[in-house]
Amino acid sequence: EPLAVRVRTRPLGGVGHIAVILDDVTESRRVDAVRRDFVANISHELKTPVGALHVLAEAVYAASDDPVAVRRFADRMTHESARLARLVQEIIHLSRLQGADPLPELRPVAVDNVTAEAVDRNRLAAQTRGISVAVIGQTDAGVLGDEAQLVTAVANLLENAVNYSPRGTRVGLGVRSAGDMVEISVADEGIGIAEKDLERVFERFYRADPARSRETGGTGLGLAIVKHIVTNHGGTVGVWSSEGAGSTFTLRLPSYHDDLADGDDAP
Ligand code: ADP
116 EPLAVRVRTR
126 PLGGVGHIAV
136 ILDDVTESRR
146 VDAVRRDFVA
156 NISHELKTPV
166 GALHVLAEAV
176 YAASDDPVAV
186 RRFADRMTHE
196 SARLARLVQE
206 IIHLSRLQGA
216 DPLPELRPVA
226 VDNVTAEAVD
236 RNRLAAQTRG
246 ISVAVIGQTD
256 AGVLGDEAQL
266 VTAVANLLEN
276 AVNYSPRGTR
286 VGLGVRSAGD
296 MVEISVADEG
306 IGIAEKDLER
316 VFERFYRADP
326 ARSRETGGTG
336 LGLAIVKHIV
346 TNHGGTVGVW
356 SSEGAGSTFT
366 LRLPSYHDDL
376 ADGDDAP
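Residue 305 in the UniProt record's numbering is what sits at position 190 of the sequence shown, and the numbering runs on without skipping anything.
Structure (structure tokens):
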């Protein structure tokens with residue numbers, strides 16, 4: 116990327132002498148560009164459900180003599196407005212995570228609570244889609260952070276695992292301590308992700324399979340949210356996938372030991 120500079124001049128006392136000052140504004144340009152992209156993306160993403168609601172409202176008027184059709188259009192309006200609400204909610208969530216104070220709450224959080232809660236949140240969806248979810252391993256490790264955010268991160272991964280897997284397959288939620296890190300992985304036997312898409316799936320609104328994402332009510336923001344949460348907690352997220360065989364997403368977070376609480380750990 117070319118260097119962006121801002122040129123300023125300043126008179127230098129003597130007649131005809133000026134100083135030329137070059138400021139490197141590459142980084143702030145980049146941040147501006149990212150923000151502009153985000154706004155452009157949002158406008159684009161909002162157009163679809165808003166446009167659909169508009170068309171459906173007109174269809175309701177046109178079909179006002181036909182109660183069955185009115186009902187069908189009204190059902191679709193309920194569906195589209197739920198999508199729109201979810202999209203707006205996730206956009207707000209993501210912009211908070213990118214804001215000045217993304218992690219206001221710092222407390223010791225038990226990893227096992229996080230995984231149990233994330234599984235709970237996906238229990239119904241997994242059941243409905245005939246997918247079994249098993250927790251493999253356990254840890255008494257903790258993480259310093261915001262429990263609600265960490266639950267969201269793991270729940271988003273589980274939600275994807277369930278959404279992008281065929282009926283009758285299994286999802287494994289693995290938990291283990293690895294040195295001074297805690298590892299949480301979500302493995303599925305689903306459709307997998309093509310290599311060309313792998314490094315892009317964490318981008319906002321990037322979907323490897325737009326039709327499928329739409330069908331499952333995806334917003335394209337789930338993994339961007341995961342990535343921000345994990346990064347804000349000093350951790351990393353990685354993905355391994357094989358098309359047609361499945362995917363594994365792995366979160367690694369610095370583990371936290373409250374030495375004062377279990378005093379016998381002291382040297
Ligand atoms: P979405 O709301 O579309 O699921 P995400 O940000 O959660 O958005 O994921 C981005 C894209 O990555 C998805 O649209 C999908 O193509 C792909 N993806 C994410 N998780 C999985 C998975 N477990 N298996 C296959 N594809 C996945």
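Every residue gets a Cβ at the ideal spot worked out from N, C-alpha and C, and that includes glycine.
Residue i: CB within 8 angstroms of a non-hydrogen atom of the ligand ADP
i	result
residue 328	yes
residue 164	no
residue 234	no
residue 127	no
residue 317	yes
residue 323	yes
residue 364	yes
residue 196	no
residue 268	no
residue 279	yes
residue 156	no
residue 307	yes
residue 383	A question about residue 383 goes unanswered here, because the residues of the chain that appear run from 116 up to 382.
residue 300	no
residue 312	yes
residue 428	With the chain covering 116 to 382 only, the question about residue 428 has no answer from this structure.
residue 353	no
residue 271	yes
residue 356	yes
CB of residue i within 9 angstroms of CB of residue j, strictly
i	j	result
residue 306	residue 316	no
residue 363	residue 301	yes
residue 282	residue 246	yes
residue 135	residue 122	yes
residue 250	residue 238	no
residue 280	residue 236	no
residue 147	residue 120	no
residue 319	residue 209	yes
residue 198	residue 262	no
residue 366	residue 349	no
residue 252	residue 224	no
residue 312	residue 326	no
residue 299	residue 212	no
residue 226	residue 193	no
Whole-Å CB distance - residue i paired with residue j, under 8 angstroms assumed
i	j	result
residue 288	residue 344	Contact flag wrong, Cβ pair sits at about 17 angstroms.
residue 172	residue 178	About 11 angstroms separates the two Cβ atoms, so there is no contact after all.
residue 195	residue 168	5 angstroms
residue 233	residue 269	4 angstroms
residue 267	residue 340	7 angstroms
residue 258	residue 297	6 angstroms
residue 295	residue 357	Not really, about 30 angstroms apart at Cβ, beyond 8 angstroms.
residue 388	residue 334	Outside the modelled stretch of the chain, which goes from 116 to 382, sits residue 388, for which no answer is possible.
residue 274	residue 231	Contact flag wrong, Cβ pair sits at about 16 angstroms.
residue 189	residue 175	7 angstroms
Residues that residue i bridges to, as DSSP identifies them
i	result
residue 260	222
residue 125	134
residue 371	257
residue 206	Answer by DSSP bridge pairing: none, since residue 206 is not bridged.
residue 296	293 and 369
residue 288	250 and 301
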